[in-house]
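Q:
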Amino acid sequence: MRMNRLTTIALAAALSCAGVLAVGPAAGASAPFGCQYKVLWPTAGVYENPNPNSVVVKTKHAGDIVGASTCEGAGYNEYSYVLVTTDAAADNRGWMRAEAVVQI
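Its first residue numbered 59, the sequence shown is counted upward by one per residue in my numbering.
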């Protein structure tokens with residue numbers, strides 16, 4: 059399992075250096091069971107799309123557990139986002155700032 063994570067991280071780093079990676083696995087991703095995160099910030103928005111100008115469809119609070127069945131991440135300029143499942147988004151896919159959460 060550890061080797062798969064290292065391979066994923068190395069591949070993601072290589073592709074991002076080549077300018078290929080826009081959306082892909084989050085670092086430390088665990089594919090079979092998806093990803094779960096604990097919210098660190100006092101309040102953190104769940105965005106419709108992974109960018110700071112997107113609509114906030116829900117607000118989560120420190121200690122809340124969020125996640126998705128896949129470990130997907132995205133970037134917009136200097137901001138990093140992780141995928142979370144939410145029924146508040148049109149496609150049931152919401153995005154949270156990576157800095158606002160910690161993977162559990």
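Just so it is clear, CB atoms sit at the ideal spot from N, CA and C, and this is done for glycine as well. All figures in this text were calculated on a predicted structure; none of them were measured in a lab.
Taking Leu98 as part of the beta strand (DSSP E), name the residues at either end of that continuous run.
A: Segment: none, Leu98 is in no beta strand (DSSP E) and carries neither H nor E.
Q: Sorted by chain position, which residues of the same chain lie with C-beta nearer than 7 Å to Leu98's C-beta, five sequence neighbours on each side aside?
A: So the list reads Ala120, Ala158, Val159 and Val160, once near-sequence residues are dropped.
Q: Only counting the same chain, and skipping five residues up and downstream in sequence, which positions put a Cβ closer than 8 Å to that of Ser112?
A: Around Ser112: Tyr105, Glu106 and Trp153.
Q: Which word fits Val114, buried or exposed, when buried means at least 16 other C-beta atoms lie within 10 angstroms of its C-beta?
A: Val114 is exposed by the Cβ-count criterion.
Q: Hey, out of Thr117, Glu136 and Val142, whose CA is closest to Ser127's CA?
A: Nearest option by C-alpha distance: Val142.
Q: Along the chain, where does the beta strand (DSSP E) containing Glu130 start, and where does it finish?
A: Segment Glu130 to Tyr134, the beta strand (DSSP E) holding Glu130.
Q: Who are Val160's beta bridge partners in DSSP?
A: DSSP output for Val160 lists Lys96 as bridge partner(s).
Q: Quick one, are the C-beta atoms of Tyr139 and Gly131 less than 8 Å apart?
A: Cβ atoms of Tyr139 and Gly131: closer than 8 Å.
Q: For Thr143, which of helix, strand or coil comes out of DSSP?
A: Thr143 falls in the strand class under three-state DSSP.
Q: Distance check for Ile162 and Cys93, CA to CA, integer angstroms please.
A: Using only the alpha carbons, I get a separation of about 8 Å.
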